[in-house]
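Student: Sharing a structure here in structure tokens format.
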Amino acid sequence: MSARAASHGAHLLAAPNRNALWAGLLVEELVRQGVGLFCLAPGSRSAPLAWAVVTNPRARALVHFDERGAAFAALGFARATGQPACWITTSGTAVANGLPAAVEASADGVPLLLLTADRPPELRDTGANQTIPQPGLFGAFARWSFDLPAPSADVDPAFVLTTAAQAVHRTRSPAGPVHVNAMFREPLAPEPDGTNAARVLAPLDGWIASGEPYTRYEPAPSEGPQPMLEGLAARLEGVEQGLVVLGKTDDPAVGPAAARLAEALGWPLLPDVGSQARLGPALSNAIAHYDLALGSPSFAEGNRLEAVLHVGGRVTSKRLLQAIEAARPEVYVVVRPDPERYDPAHRVTHRLQAEPAALCEGLARELIPAGETGWLRAWKAADRASAGALEAYFVFEAALSEPGVARAVSALTPDGHGLVVASSMPIRDLDAYAMIGGPRLRVAANRGASGIDGTVATAAGFARGLGRPTTLLLGDLALLHDLNSLALLRRGPPVTLIAVNNDGGGIFSFLPIAQHEAHFEDLFGTPHGLGFEDAARLFGLGYARPATPDAFSRAYREALESGRSTLIEVRTDRRANVALHRELNAAVARAVDEAG
Numbered sequence: 004m005s006a007r008a009a010s011h012g013a014h015l016l017a018a019p020n021r022n023a024l025w026a027g028l029l030v031e032e033l034v035r036q037g038v039g040l041f042c043l044a045p046g047s048r049s050a051p052l053a054w055a056v057v058t059n060p061r062a063r064a065l066v067h068f069d070e071r072g073a074a075f076a077a078l079g080f081a082r083a084t085g086q087p088a089c090w091i092t093t094s095g096t097a098v099a100n101g102l103p104a105a106v107e108a109s110a111d112g113v114p115l116l117l118l119t120a121d122r123p124p125e126l127r128d129t130g131a132n133q134t135i136p137q138p139g140l141f142g143a144f145a146r147w148s149f150d151l152p153a154p155s156a157d158v159d160p161a162f163v164l165t166t167a168a169q170a171v172h173r174t175r176s177p178a179g180p181v182h183v184n185a186m187f188r189e190p191l192a193p194e195p196d197g198t199n200a201a202r203v204l205a206p207l208d209g210w211i212a213s214g215e216p217y218t219r220y221e222p223a224p225s226e227g228p229q230p231m232l233e234g235l236a237a238r239l240e241g242v243e244q245g246l247v248v249l250g251k252t253d254d255p256a257v258g259p260a261a262a263r264l265a266e267a268l269g270w271p272l273l274p275d276v277g278s279q280a281r282l283g284p285a286l287s288n289a290i291a292h293y294d295l296a297l298g299s300p301s302f303a304e305g306n307r308l309e310a311v312l313h314v315g316g317r318v319t320s321k322r323l324l325q326a327i328e329a330a331r332p333e334v335y336v337v338v339r340p341d342p343e344r345y346d347p348a349h350r351v352t353h354r355l356q357a358e359p360a361a362l363c364e365g366l367a368r369e370l371i372p373a374g375e376t377g378w379l380r381a382w383k384a385a386d387r388a389s390a391g392a393l394e395a396y397f398v399f400e401a402a403l404s405e406p407g408v409a410r411a412v413s414a415l416t417p418d419g420h421g422l423v424v425a426s427s428m429p430i431r432d433l434d435a436y437a438m439i440g441g442p443r444l445r446v447a448a449n450r451g452a453s454g455i456d457g458t459v460a461t462a463a464g465f466a467r468g469l470g471r472p473t474t475l476l477l478g479d480l481a482l483l484h485d486l487n488s489l490a491l492l493r494r495g496p497p498v499t500l501i502a503v504n505n506d507g508g509g510i511f512s513f514l515p516i517a518q519h520e521a522h523f524e525d526l527f528g529t530p531h532g533l534g535f536e537d538a539a540r541l542f543g544l545g546y547a548r549p550a551t552p553d554a555f556s557r558a559y560r561e562a563l564e565s566g567r568s569t570l571i572e573v574r575t576d577r578r579a580n581v582a583l584h585r586e587l588n589a590a591v592a593r594a595v596d597e598a599g
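Heads up: the sequence shown begins at 4 in my numbering, then just goes up one per residue.
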């Protein structure tokens, strides 16, 4: 082997046994294919993989004792960077702990590699300890699955490299989770077994020396979208009463492109809180408070919707979905980068698989600018009225409320920071009540399947991927679900965790089941009577429990200035929270009616 090759592959040449060499090749090619972070949970069967990561000079590692948390940390990192992240775990029930993160990655198109260690074939279905059927465990959620055989001298080591390349490619096309199940026999520790690594690697001298991927997957030549764009422009041009709906996306470039398209069409732009365009400086034609404005029956029913162009993923607003479903627009276009169907109301007439930013830019160039129409002016007036009604309330808010906390976060989080928002009420409150024109933030939310598990770990991985301080807004049950992952906040960029504690499942109080009081608290409210001060102390985090809006602002600023991860607990009452939401929504509806 040449000196140059040795300089690139010194860690591979030092492999003490065939397991270590096989795992080393796998990890090296994953790194070369663009895997940005390896999230590991301790385990015996996965020892060769863990050893391969920590001895690879270019592999970035995050170790966490909780397999489920480690998987969500990988998910968060992949959200922030767009790069695949790899979760490594041992065999048995440890593998099953990756399923929630795999479900979310599948539903929301996040590139995630699930690399699980397993027993060899002779131990399967024998009653051997910690052995379960792992192939196929992630079922339909995996974009691709492969059962990697135990290392063998009879197999060309290039097979390991092409498998790694295929796995990473499949996490991207279309984006989602991939499962590689790797079998290992003893010895699992890095103990010599007589393997001559230099001799085994001799045929791969060129690959080692290059430092490049063994296999490259080149994009297919584009046939050009021009005919499609021309046809779509002809169909939409002249339609006045349309909407550009900007759904969830992790790509910050989509928002400005969608705004230019909305301006060319003369339509309102409705940005979801997860679109990277709801928070920060307002974009052209953006209607920030569309959800609240649609709470006015006269406004919602007084406008005949003719067309919808939906860009990206799903939206948080139930009112918007109901309005579209009721309107039955003649044209309903959905633009997504993957082939997944997004059509819960079965109203979509045109489904375009394309990169959203590029399509919006191209379509805008095909259109003759429409200018401002009466339809657009009506939406802007409703937005101004909504914003005014909210400002009139919050400027005099005396007690700290859940909508008030969401609004304060949208105003006080420093420009460029990360913001992770939990499902249930936090994301709904931020979507509805966030201020207009605040700081520009990178927003992440696990809204593919809208679960609350793994939220703390997701924030830890997201902060690490961004390389910036991050704020996490979540409820008490989401925090209890993922309490172990507070340990992740002691490393990496600081995370300011804002936990809204209403002693149970606050969102259920908004649902019809809340009217059936006999068993509501036991089955749905589920009060726990717990606070989080001791949890913060246990994991070495800062802690504050403000009771007023001013105290919250001070505590939040102090947490940011401290440079350490801090848990801020906000106590609220579920019944009072429901009443406040209804009061705020009614005030906005009155303001919208008066503006119309």
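A virtual CB, placed ideally from N, CA and C, is assigned to each residue, including glycine.
Looking at C-alpha atoms only, which residue of A590, I455, I501, P497 is the closest neighbour of G508?
Tutor: Reading the sequence shown from its first residue, position 505 is the one you call residue 508. For the residues A590, I455, I501, P497, the minimum Cα distance to G508 belongs to I455.
Student: Since T473 contacts L422 with CB under 8 Å, what's their CB separation in whole angstroms?
Tutor: One-based indexing of the sequence shown puts residue 473 at position 470. One-based indexing of the sequence shown puts residue 422 at position 419. Yes, T473 and L422 are in contact; Cβ-Cβ is about 7 Å, under 8 Å.
Student: Is the beta carbon of A23 sitting closer than 9 Å to the one on P45?
Tutor: As a working note, residue 23 is residue 20 in the sequence shown. As a working note, residue 45 is residue 42 in the sequence shown. Cβ distance not < 9 Å, so A23 and P45 don't count as in contact.
Student: Have a look at R593, R263, E333, L164 and flag the residue whose alpha-carbon is nearest the alpha-carbon of L370.
Tutor: Taking the first residue of the sequence shown as 1, we reach residue 370 at position 367. Nearest of R593, R263, E333, L164 to L370, Cα basis: R263.
Student: Helix, strand or coil for R7, going by three-state DSSP, please let me know.
Tutor: In the sequence shown, the residue the question calls residue 7 occupies position 4. Low confidence applies to R7: its pLDDT is 45, below 50, so where it sits in the model is not reliable, and the reading given next is rough at best. Three-state result, R7: helix.
Student: Since G495 and R471 are thought to touch, with beta carbons under 8 Å apart, how far apart are those beta carbons, to the nearest angstrom?
Tutor: As a position in the sequence shown, residue 495 is number 492, starting the count at 1. As a position in the sequence shown, residue 471 is number 468, starting the count at 1. Actually they do not touch by this definition, with Cβ atoms about 10 Å apart.
Student: Which residue or residues does DSSP assign as beta-bridge partners of L422?
Tutor: Position 419 of the sequence shown, counted from the start, is the residue given in the question as residue 422. L422 is bridged to V446, T474.
Student: DSSP three-state label for T376, please.
Tutor: Stepping through the sequence shown from its first residue, residue 376 is reached at position 373. Here T376 sits in coil by DSSP.
Student: Pick out whichever of G95, N100, A64 has its Cα sitting closest to the Cα of G72.
Tutor: For the purposes of this step, residue 72 is taken as residue 69 along the sequence shown, with counting starting at 1. Taking only the C-alpha atoms, the option nearest G72 is N100.
Student: With DSSP run on the structure shown, which of helix, strand or coil describes E394?
Tutor: By 1-based counting over the sequence shown, the position of residue 394 is 391. Of the three classes helix, strand and coil, the one that applies to E394 here is helix, per DSSP.
Student: Using only the alpha-carbon positions, how far apart do A435 and V338 sit?
Tutor: Numbered from its first residue, the sequence shown carries residue 435 at position 432. Numbered from its first residue, the sequence shown carries residue 338 at position 335. Spanning the two alpha carbons is a distance of roughly 24 Å.
Student: To the nearest angstrom, how far is the alpha carbon of N580 from that of E375?
Tutor: Taking the sequence shown and counting its residues from 1, the one referred to as residue 580 is at position 577. Taking the sequence shown and counting its residues from 1, the one referred to as residue 375 is at position 372. C-alpha separation (whole angstroms): 39 Å.
Student: For the beta strand (DSSP E) holding W25, just list the boundary residues, first then last.
Tutor: Taking the first residue of the sequence shown as position 1, residue 25 is located at position 22. Where W25 is concerned, there is no enclosing beta strand (DSSP E), although the alpha helix (DSSP H) it sits in stretches over 21-35.
Student: Round the Cβ separation of A385 and V595 to the nearest angstrom and send it over; I've been treating them as touching at under 8 Å.
Tutor: The residue given as residue 385 occupies position 382 in the sequence shown. The residue given as residue 595 occupies position 592 in the sequence shown. Sure, about 5 Å apart at Cβ, within 8 Å.
Student: Alpha carbon to alpha carbon, how far is G315 from K251?
Tutor: Counted from its first residue, the sequence shown places residue 315 at position 312. Counted from its first residue, the sequence shown places residue 251 at position 248. If you take the alpha carbons of G315 and K251, they lie about 6 Å apart.
Student: Looking only at its chain, what residues have a beta carbon closer than 8 Å to the beta carbon of T2, apart from the 5 residues adjacent to it on each side?
Tutor: Outside the shown range of the chain, which is 4 to 599, sits residue 2, and nothing can be said about it.
Student: Between G440, L492, L476, L483, which has its C-alpha nearest A463's C-alpha?
Tutor: For the purposes of this step, residue 463 is taken as residue 460 along the sequence shown, with counting starting at 1. Considering only alpha carbons, the answer is L492.
Student: Would you mind reading off the limits of the beta strand (DSSP E) that contains I371?
Tutor: By 1-based counting over the sequence shown, the position of residue 371 is 368. Neither: I371 is in no beta strand (DSSP E) and is coded neither H nor E.
Student: List, from N- to C-terminal side, the alpha helix (DSSP H) runs of 4 residues or more that fit wholly inside the segment 46-71.
Tutor: 50-57, all fully within the segment 46-71.
Student: Count the C-beta pairs between the segment 176-187 and the segment 118-131 that are closer than 8 Å, then say yes if the count reaches three, no if not.
Tutor: Enough Cβ pairs lie closer than 8 Å, so yes.
Student: Could you give the uninterrupted runs of the alpha helix (DSSP H) lying entirely in the segment 143-169, keeping only those of 4 residues or more?
Tutor: You should have found no qualifying run.
Student: Count the other CB atoms within 10 Å of the CB of V408; is the residue buried (16 or more) or exposed (fewer)?
Tutor: Locating residue 408 in the sequence shown gives position 405, counting from the first residue. Flag for V408 reads buried.
Student: Based on the DSSP secondary-structure assignment, which residues constitute the bridge partners of P340?
Tutor: Locating residue 340 in the sequence shown gives position 337, where the first residue counts as 1. In DSSP, P340 forms no bridge with anything.
Student: Nearest-angstrom Cα distance between S512 and L366?
Tutor: Here residue 512 refers to the residue found at position 509 when the sequence shown is read from its first residue. Here residue 366 refers to the residue found at position 363 when the sequence shown is read from its first residue. Using only the alpha carbons, I get a separation of about 44 Å.
Student: For Y293 versus A590, is the C-beta spacing smaller than 9 Å?
Tutor: Translated into positions along the sequence shown, residue 293 becomes position 290. Translated into positions along the sequence shown, residue 590 becomes position 587. No, Cβ-Cβ distance for Y293 and A590 is not below 9 Å.
Student: Quick check on this structure: which residue in P406, G441, V203, D418 has the alpha carbon closest to the alpha carbon of R577?
Tutor: Sequence index remark: in the sequence shown, residue 577 carries index 574 (1-based). For the residues P406, G441, V203, D418, the minimum Cα distance to R577 belongs to P406.
Student: So what does DSSP say about V318, is it helix, strand or coil?
Tutor: The residue given as residue 318 occupies position 315 in the sequence shown. Looking at V318 - three-state DSSP - the assignment turns out to be coil, as it is neither helix nor strand.
Student: Sort out for me which residues DSSP pairs A120 with in a bridge.
Tutor: Here residue 120 refers to the residue found at position 117 of the sequence shown. Its beta-bridge partners are A185.
Student: Closest by CA to P284, which one among A437, T458, D208?
Tutor: For the purposes of this step, residue 284 is identified with residue 281 of the sequence shown, where counting begins at 1. Of the candidates A437, T458, D208, the one whose C-alpha sits nearest the C-alpha of P284 is A437.
Student: Can you give me the C-alpha to C-alpha distance between L526 and I516, rounded to a whole angstrom?
Tutor: Your numbering for residue 526 matches position 523 in the sequence shown. Your numbering for residue 516 matches position 513 in the sequence shown. Taking the straight line from one Cα to the other gives about 10 Å.
Student: Between A105, V113, A131, A108, which has its C-alpha nearest L94's C-alpha?
Tutor: Translated into positions along the sequence shown, residue 94 becomes position 91. Here the sequence assigns Ser to residue 94, which means Leu is not the residue at that position. Of the listed residues, the one whose Cα sits closest to S94 is A131.
Student: Note down the Cα distance separating A329 from Y345, rounded to an integer number of angstroms.
Tutor: To locate residue 329, count along the sequence shown from 1; it is residue 326. To locate residue 345, count along the sequence shown from 1; it is residue 342. If you take the alpha carbons of A329 and Y345, they lie about 17 Å apart.
Student: Under 8 Å by Cβ, that's how I've got A411 and A200 pegged, so tell me the actual separation to the nearest angstrom.
Tutor: For the purposes of this step, residue 411 is taken as the residue at position 408 of the sequence shown. For the purposes of this step, residue 200 is taken as the residue at position 197 of the sequence shown. Their Cβ separation, rounded to whole angstroms, is 57 Å, which puts A411 and A200 out of contact at 8 Å.
Student: Identify, in the order they occur along the chain, each residue of the same chain with its Cβ nearer than 8 Å to the Cβ of V56, setting aside the five sequence neighbours on each side.
Tutor: Residue numbering aside, residue 56 sits at position 53 when the sequence shown is read from its first letter. If we look at V56 and ignore the five residues flanking it on each side, its Cβ neighbours are V30, F41, L43, A62, A64, I91.
Student: Tell me the DSSP secondary structure of T352 in three-state form.
Tutor: Numbered from 1 along the sequence shown, position 349 holds the residue referred to as residue 352. Coil, per DSSP.
Student: Measure the alpha-carbon distance for H172 versus A105 and round it to whole angstroms.
Tutor: Here residue 172 is taken as the residue at index 169 of the sequence shown, counted from 1. Here residue 105 is taken as the residue at index 102 of the sequence shown, counted from 1. In a straight line, the C-alpha of H172 is about 17 Å away from that of A105.
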